[in-house]
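4 protein chains.
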Amino acid sequence: MGGTLKFGLIGAGRIGRLHAENIVRHIPEAELIWVADVVEEAAAKLARELGVVRWGKDYEAVLDDPEVDAVLICTSTDTHARIIRDAAAAGKHIFCEKPLALDLGEIDRALEAVEKAGVILQVGFHRRFDPNFRRLKEMLAEGTIGRPWLLKITSYDPAPPPLSYVKVSGGIFLDMTIHDFDMARFLLGEVEEVYAAGSVLVDPEIGVAGDVDTAVVTLVFESGALGVITNCRKASYGHDQRIEVLGEKGGLFAENPLPHTALFADEGGYRSAPLHYFFMERYREAYIAEMKAFVEAVREGKVPPVTGRDGKIPVVMGYAAKRSLKERRPVKLSEITG
Amino acid sequence: MGGTLKFGLIGAGRIGRLHAENIVRHIPEAELIWVADVVEEAAAKLARELGVVRWGKDYEAVLDDPEVDAVLICTSTDTHARIIRDAAAAGKHIFCEKPLALDLGEIDRALEAVEKAGVILQVGFHRRFDPNFRRLKEMLAEGTIGRPWLLKITSYDPAPPPLSYVKVSGGIFLDMTIHDFDMARFLLGEVEEVYAAGSVLVDPEIGVAGDVDTAVVTLVFESGALGVITNCRKASYGHDQRIEVLGEKGGLFAENPLPHTALFADEGGYRSAPLHYFFMERYREAYIAEMKAFVEAVREGKVPPVTGRDGKIPVVMGYAAKRSLKERRPVKLSEITG
Amino acid sequence: MGGTLKFGLIGAGRIGRLHAENIVRHIPEAELIWVADVVEEAAAKLARELGVVRWGKDYEAVLDDPEVDAVLICTSTDTHARIIRDAAAAGKHIFCEKPLALDLGEIDRALEAVEKAGVILQVGFHRRFDPNFRRLKEMLAEGTIGRPWLLKITSYDPAPPPLSYVKVSGGIFLDMTIHDFDMARFLLGEVEEVYAAGSVLVDPEIGVAGDVDTAVVTLVFESGALGVITNCRKASYGHDQRIEVLGEKGGLFAENPLPHTALFADEGGYRSAPLHYFFMERYREAYIAEMKAFVEAVREGKVPPVTGRDGKIPVVMGYAAKRSLKERRPVKLSEITG
Amino acid sequence: MGGTLKFGLIGAGRIGRLHAENIVRHIPEAELIWVADVVEEAAAKLARELGVVRWGKDYEAVLDDPEVDAVLICTSTDTHARIIRDAAAAGKHIFCEKPLALDLGEIDRALEAVEKAGVILQVGFHRRFDPNFRRLKEMLAEGTIGRPWLLKITSYDPAPPPLSYVKVSGGIFLDMTIHDFDMARFLLGEVEEVYAAGSVLVDPEIGVAGDVDTAVVTLVFESGALGVITNCRKASYGHDQRIEVLGEKGGLFAENPLPHTALFADEGGYRSAPLHYFFMERYREAYIAEMKAFVEAVREGKVPPVTGRDGKIPVVMGYAAKRSLKERRPVKLSEITG
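Taken in sequence, the protein lines are chains F, L, H and Z. Position one of the first sequence corresponds to residue 259 (this note's numbering), numbered consecutively onward. Position one of the second sequence corresponds to residue 259 (this note's numbering), numbered consecutively onward. Position one of the third sequence corresponds to residue 259 (this note's numbering), numbered consecutively onward. Position one of the fourth sequence corresponds to residue 259 (this note's numbering), numbered consecutively onward.
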């Protein structure tokens with residue numbers, strides 16, 4: 259065949275393993291040939307499981323391998339920008355998990371390196387590839403409801419992340435709402451201004467750590483359309499992720515998919531399944547689809563469906579939301595600069 | 259106006275009271291001016307509550323009253339045919355609860371009397387007036403699914419009737435399935451043959467009384483279409499009444515309406531309301547609509563939406579089902595004669 | 259009986275007629291004995307239709323009639339406060355449509371008059387009586403989801419009101435969102451602060467009239483819980499009115515009731531009924547229930563379920579939202595004074 | 259690892275390819291090492307695509323290969339029994355597509371050969387592995403609804419098979435209803451008697467070929483419970499497959515899963531996705547799960563979840579249904595013998 263895309267994985271944690279397995283099982287056009295992780299054992303273990311013969315501690319070895327066509331960056335956020343720059347310099351195509359970085363200057367330098375090297379960079383906003391949201395986006399693009407007026411994104415996690423993560427993640431707007439910011443842009447285009455209200459309701463320790471756990475973020479799009487994102491770190495009934503768009507000719511709704519369709523009825527009423535609890539189950543198909551899209555973009559030299567700029571703007575929106583919450587006023591994206 | 263239709267109610271039990279209240283509250287074109295019941299106190303009580311000044315024990319007094327335009331026959335089944343004949347002879351229009359009678363000869367004599375007198379007779383198959391089934395019927399009539407091929411009627415009661423009733427009702431096919439037989443004809447036209455399977459599962463006493471409590475009845479329509487009715491005397495989750503029609507161009511479904519739309523979600527899933535338990539709540543609107551239709555038919559001299567023949571055929575079908583169950587073979591309606 | 263509550267209706271327009279019919283048909287404990295309207299013919303017409311013998315042009319005649327126990331104020335908003343004061347002075351109990359008035363000083367004077375007279379005043383926030391929202395409220399009160407964290411109210415009208423109305427209504431926050439403000443308080447208690455974003459998307463003429471037609475209003479409750487109301491003057495698919503509450507133990511959802519449950523399926527998928535278009539159909543049961551509650555409150559001398567204060571605070575919230583939109587900042591309710 | 263289960267595929271058509279791909283992609287505990295097909299090119303093509311190095315025309319070569327642990331029999335029905343006997347004689351474990359054979363004597367001889375050889379045989383009733391039906395089965399087994407009374411299986415294909423297939427398939431009861439017969443036994447245990455009504459409504463050519471295209475099959479279980487299967491060769495809205503069970507404590511329902519959850523609403527109502535059209539999409543997960551179960555049964559020496567007897571009885575039921583339709587009477591399974 260010759261033409262399979264050869265991947266090196268950098269970062270063999272939970273999300274790295276997910277992508278690696280998807281490549282091996284679901285993408286015949288690609289191969290995984292390298293696994294690197296700062297914890298060498300983790301790299302070795304995953305490599306063995308997937309029948310990959312090259313592994314090691316240092317990502318530089320992946321970049322030095324001339325057989326590697328593309329890297330998957332699944333390391334901790336603070337290393338993303340540097341690895342992107344190095345990978346670009348090595349002429350490797352890049353799939354990088356979100357966020358690109360927490361520092362906007364770092365993001366800009368990474369994007370410049372990518373542009374200069376002429377490699378393809380795709381950022382891991384997997385929700386764009388969810389079949390339900392994708393269908394909604396298609397119907398929107400087909401003009402089904404005409405001009406969109408009002409976007410509503412519901413996005414609740416089943417349980418808060420560990421406090422240790424909350425302390426370094428950049429806060430709810432940069433680690434959780436960032437997905438919704440991306441979705442907002444994906445569906446209705448650029449946002450001009452955000453207003454964020456937040457409260458500590460789920461766990462007071464989150465407040466002690468300087469963050470909120472429940473938030474309502476109002477968006478004003480450049481088109482004049484409005485949007486609202488509701489977030490909460492905990493929904494006991496599972497990973498609640500829904501989207502609605504009201505437009506001049508009707509409404510579009512993407513509901514939660516349920517794990518199964520079985521119902522039980524008795525005197526107490528009808529009971530259906532709870533939602534998927536874990537994001538990896540909820541977005542199983544989306545993760546496969548995003549990787550297929552990356553492979554296709556690289557193989558065909560196309561613009562990837564989530565560009566570097568798409569990786570940057572949601573970070574800008576996260577900072578705007580943080581400033582809005584702090585200063586208790588709407589904040590324009592144009593106020594935020596690296 | 260002068261033209262309100264003046265009703266005399268014969269039989270002030272549960273269903274009589276329901277119709278009486280509907281006339282008083284919901285049908286400005288009609289009035290209730292007489293209440294008769296063999297239990298005179300029952301007549302008096304209902305009359306007082308509804309501000310009706312004439313009441314008594316004997317239905318003949320109602321028929322003798324020249325001001326009465328129409329009678330509502332809500333007495334026990336064994337009296338229906340006689341009262342119909344007498345009412346027809348007195349020139350009164352007639353709304354009679356189902357079944358017309360358990361004896362086909364009696365039904366024929368009653369219908370002859372009605373025809374001879376030229377009065378209007380409507381039989382109380384209220385489900386035809388349910389807004390959900392009505393909408394399904396309309397869509398069918400509009401050709402939405404083209405030629406219908408397969409009808410499925412689900413019809414479960416929330417709890418069995420008293421055994422005393424089971425013993426005199428004529429059995430499940432004549433007291434319960436009769437509604438579904440009517441619905442089948444209403445939707446897909448005449449039935450040629452029925453096959454009934456039955457079992458005693460809910461309560462062995464029902465078996466002792468000579469009846470079954472769970473049944474599957476297969477219908478072959480004259481058009482060649484097939485149908486199936488599933489019945490059970492008990493569904494712990496409420497009065498489950500659904501209809502489906504598969505046709506050449508698609509499917510039509512009338513689902514159960516729920517008492518309210520509130521849902522609760524937690525780790526165990528989503529829970530909605532149980533079904534309406536009681537048929538009077540489930541079919542509240544249908545009972546009003548059928549009486550409005552009768553009033554309209556009388557006032558405008560139109561054929562009523564449920565004729566005497568519509569009252570007879572489901573009884574024939576009930577006997578065919580009984581014979582089928584007993585003789586363990588499909589039975590043609592043409593085999594059943596008074 | 260002697261004990262029926264005798265009503266005089268003041269204002270025989272659309273909503274007045276609705277209440278009048280409900281009293282006559284659905285509330286045996288009440289009677290309608292007077293109809294007044296500045297357009298005398300309108301009063302006469304409605305009175306005739308409902309069999310009411312007293313009618314006239316001047317509401318003072320209603321107040322002067324010693325047989326009248328209670329008045330229904332269904333006139334234009336600018337007259338509410340004055341009629342309330344006069345009715346209170348005449349010792350009549352009062353059911354008044356919302357809003358009490360657009361001037362907070364007027365509201366205060368009206369409420370003082372009511373208090374001084376010791377009469378009962380109920381304000382017409384009918385949505386509290388919708389069976390779906392009511393069930394949600396009950397489950398919330400029963401602690402089903404524990405402490406509530408996040409309230410979402412979706413409230414879209416099927417089509418904008420006439421521009422002439424937009425110009426005098428006080429704007430979207432005082433004529434439309436006011437219902438949602440009431441619902442927010444009904445469900446989660448007092449609100450401390452609002453932030454409103456708005457846009458003119460449905461009809462530029464609404465913008466010319468100085469109003470917005472699409473809005474997102476963020477609420478901060480005194481409890482720390484957050485809320486968001488989304489409003490639009492037009493949803494082509496009908497009167498979309500939904501509520502969600504996320505709490506520590508789960509979620510509650512009140513979905514839109516559909517006019518019927520019939521579905522049609524073909525190659526294009528499943529199609530269900532559109533929403534109720536008209537608020538009078540959507541809230542038919544709620545209007546009856548609110549009037550029953552008023553009658554019960556008066557007859558039993560109880561605090562009515564929607565008090566004068568409940569009538570005032572949503573107006574305060576409306577002004578806070580208007581100021582927030584204008585000054586582009588969150589506004590505390592305490593900033594708003596008559 | 260050493261322990262992967264090595265498969266030889268016999269029959270590289272549509273369903274053979276499906277199983278082959280599932281083994282390669284989704285079952286790390288198994289390997290595909292042989293592909294045989296009477297059309298050698300088909301075998302070669304599939305082998306190449308999946309990286310399998312051994313292929314050929316004759317299934318005997320697969321059986322002769324000592325490395326092969328198990329065979330997948332995906333050939334035409336008339337060859338199943340012979341290949342099973344040969345495979346058993348060769349000591350290979352066997353996964354065989356349904357039906358085992360159309361001749362009951364052939365089935366018995368094949369099952370005897372399997373038993374004598376002590377190999378594991380699993381029959382391809384994939385619907386048992388559908389996550390929705392599986393969940394229903396689990397709830398039933400957990401006693402959620404107590405004793406089951408009434409089973410309803412809806413099973414419509416999106417379009418009729420080619421007439422050439424109809425002529426050799428054994429008819430609707432042996433090629434289509436057979437899945438529903440298996441499901442009935444899986445859920446409620448053994449069936450004592452069947453009654454079948456059938457009609458030619460979809461395509462008169464099916465009637466000319468001696469078959470019906472629409473059927474209602476009543477089941478009487480040994481437990482006394484009743485069941486009904488409704489079948490149609492064509493449902494324009496897709497592959498409609500639903501199950502309901504009514505029991506003493508409630509009802510269980512397994513609804514159709516939809517391809518996506520996006521909805522569109524306008525004046526015409528709400529529209530959801532059509533059903534999956536193709537059974538391979540509808541049952542994608544079920545096919546993987548059944549093969550995993552087979553691999554697990556072989557590796558752990560367990561009784562497979564669908565035994566040879568489970569493969570035989572539905573064929574018996576198919577013949578009982580055919581006889582019932584022909585003789586127009588209920589037929590006991592005990593009447594059917596090879």
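Just so you know, even glycine gets a beta-carbon here, dropped at the ideal spot from N, CA and C. Please read these numbers as outputs of a predicted model, since none were measured by experiment.
Apart from the five residues on each side of it in sequence, which residues of its chain come closer than 7 Å, Cβ to Cβ, to residue 259 of chain Z? Below a pLDDT of 50, predicted positions are generally treated as unreliable, and residue 259 of chain Z, at 35, falls in that range; the measurement from the model is reported next regardless. Spatial neighbours of residue 259 of chain Z in its own chain (CB-CB distance under 7 Å, excluding positions within 5 residues in sequence) are not present.
Which residues in chain F have a C-beta closer than 7 Å to the C-beta of residue 535 of chain H? List them in chain order. Chain F residues near residue 535 of chain H: none, gap ~13 Å exceeds 7 Å.
Pull the bridge partners of residue 312 of chain L from the DSSP assignment, please. Answer is L/292, bridged to residue 312 of chain L.
Kindly indicate the opening and closing residues of the alpha helix (DSSP H) around residue 537 of chain F. Looking at the DSSP string, the run of the alpha helix (DSSP H) that includes residue 537 of chain F is 537-540.
Under 8 Å between C-beta atoms, does residue 340 of chain L make it to chain F? For residue 340 of chain L, the closest Cβ of chain F is not nearer than 8 Å.
Determine the burial state of residue 421 of chain H: buried for a count of at least 16 other Cβ atoms within 10 Å of its Cβ, exposed for fewer. Under a 10 Å Cβ-count criterion, residue 421 of chain H is classified as exposed, with fewer than 16 other Cβ atoms of the shown protein chains found around its own Cβ.
Interface residues of the segment 514-547 of chain L facing chain F [CB-CB below 7 Å]: Contact annotation: in the segment 514-547 of chain L, residues whose CB is within less than 7 Å of a CB in chain F are 523, 524, 525, 526, 527, 528, 529, 530, 531 and 532.
Against chain L: residues of the segment 486-513 of chain F by CB proximity under 7 Å: So the close ones are 494 and 495.
For residue 350 of chain H, name the three-state secondary structure that DSSP assigns. For residue 350 of chain H, the secondary structure class from DSSP, reduced to helix, strand or coil, is coil.
Using a Cβ cut-off of 8 Å (strictly closer), state whether residue 389 of chain H contacts chain L. Yes - at least one Cβ of chain L is within 8 Å of the one on residue 389 of chain H.
What are the start and end residues of the beta strand (DSSP E) that includes residue 455 of chain F? Per DSSP, residue 455 of chain F belongs to the beta strand (DSSP E) from 449-457.
DSSP beta-bridge partners for residue 502 of chain F? Its beta-bridge partners are F/410 and F/511.
Using three-state DSSP, classify residue 260 of chain F as helix, strand or coil. Only weak support is given to the placement of residue 260 of chain F: the predicted model assigns it a pLDDT of 47, under 50, and the question is left unresolved by the model.
How would you list, in chain order, the residues of chain F whose beta-carbon sits under 8 Å from the beta-carbon of residue 580 of chain H? Contact of residue 580 of chain H with chain F by beta-carbon distance below 8 Å is absent, the smallest such distance being about 16 Å.
When Cβ atoms are compared, which residues of the segment 453-483 of chain H fall closer than 8 Å to chain B? Included in the structure are the protein chains F, L, H and Z, with no chain B among them.
Interface residues of chain H facing residue 588 of chain F [CB-CB closer than 7 Å]: For a Cβ distance threshold of 7 Å, residue set 586 of chain H lies close to residue 588 of chain F, ordered along the chain.
Assuming residue 387 of chain Z contacts residue 547 of chain Z under a Cβ cut-off of 8 Å, what Cβ separation, rounded to an integer in Å, is found between them? Confirmed, Cβ separation roughly 4 Å.
Partners in chain Z for residue 597 of chain F, counting only beta-carbon separations shorter than 8 Å: One cannot answer for residue 597 of chain F here, as it falls past the ends of chain F, which runs 259 to 596.
Three-state secondary structure (DSSP) of residue 435 of chain L: In the structure shown, residue 435 of chain L adopts helical secondary structure according to DSSP, grouped into three states.
Length of the line joining the Cα atoms of residue 369 of chain H and residue 457 of chain F: Rounded to the nearest angstrom, the gap between the Cα atoms of residue 369 of chain H and residue 457 of chain F is 35 Å.
Going along the segment 408-436 of chain L in order, which residues come within less than 7 Å of chain Z, judged by CB to CB distance? Along the segment 408-436 of chain L, the positions whose C-beta sits under 7 Å from a C-beta of chain Z are 408, 410 and 414, read in chain order.
State buried or exposed for residue 594 of chain Z, treating a residue as buried only when at least 16 other CB atoms are found within 10 Å of its CB. Buried, since its Cβ has 16 or more Cβ neighbours within 10 Å.
Check residue 444 of chain Z in the structure and name its three-state DSSP category. For residue 444 of chain Z, the secondary structure class from DSSP, reduced to helix, strand or coil, is helix.
Using only CA atoms, which one of L/385, L/319, L/312 and L/278 lies nearest to residue 498 of chain L? Residue nearest to residue 498 of chain L within the set L/385, L/319, L/312 and L/278 is L/385 (criterion: CA-CA distance).
Per DSSP, which residues does residue 330 of chain L bridge with? Please list them. Beta bridge pairing from DSSP links residue 330 of chain L with L/267 and L/353.
Hey, does residue 397 of chain H have any beta-carbon neighbour from chain L nearer than 8 Å? Answer yes: the Cβ-Cβ gap between residue 397 of chain H and chain L drops below 8 Å somewhere.
Are the CB atoms of residue 526 of chain H and residue 540 of chain Z nearer to each other than 8 Å? For the 8 Å CB-CB criterion, residue 526 of chain H and residue 540 of chain Z do not form a contact.
By the 10 Å Cβ neighbour count, where 16 or more other Cβ atoms means buried, how is residue 577 of chain F classified, buried or exposed? That one is buried.
Spatially closest choice to residue 571 of chain H from H/587, H/591, H/584 and H/414, by CA coordinates: Out of H/587, H/591, H/584 and H/414, H/591 has the C-alpha closest to the C-alpha of residue 571 of chain H.
Taking DSSP as the reference, what is the three-state secondary structure of residue 571 of chain L? Annotated three-state conformation of residue 571 of chain L is helix, per DSSP.
Beta-carbon gap between residue 480 of chain H and residue 505 of chain H smaller than 8 Å: No, the pair does not count as a contact, with Cβ atoms beyond the cut-off.
Three-state class that DSSP yields for residue 560 of chain F in the structure shown: The answer is coil: DSSP assigns residue 560 of chain F none of H, G, I, E or B.
Check the C-beta distance from residue 282 of chain F over to residue 569 of chain F and give it rounded, since I have them as a contact under 8 Å. Not a contact, Cβ separation roughly 25 Å.
For residue 397 of chain Z, which residues from the same chain have a beta carbon less than 7 Å from its beta carbon, with the 5 sequence-adjacent residues on both sides left out? Cβ neighbours of residue 397 of chain Z beyond the five flanking positions: 510.
Residue 527 of chain H (DSSP reduced to helix, strand or coil): Per DSSP, reduced to three states, the secondary structure at residue 527 of chain H is strand.
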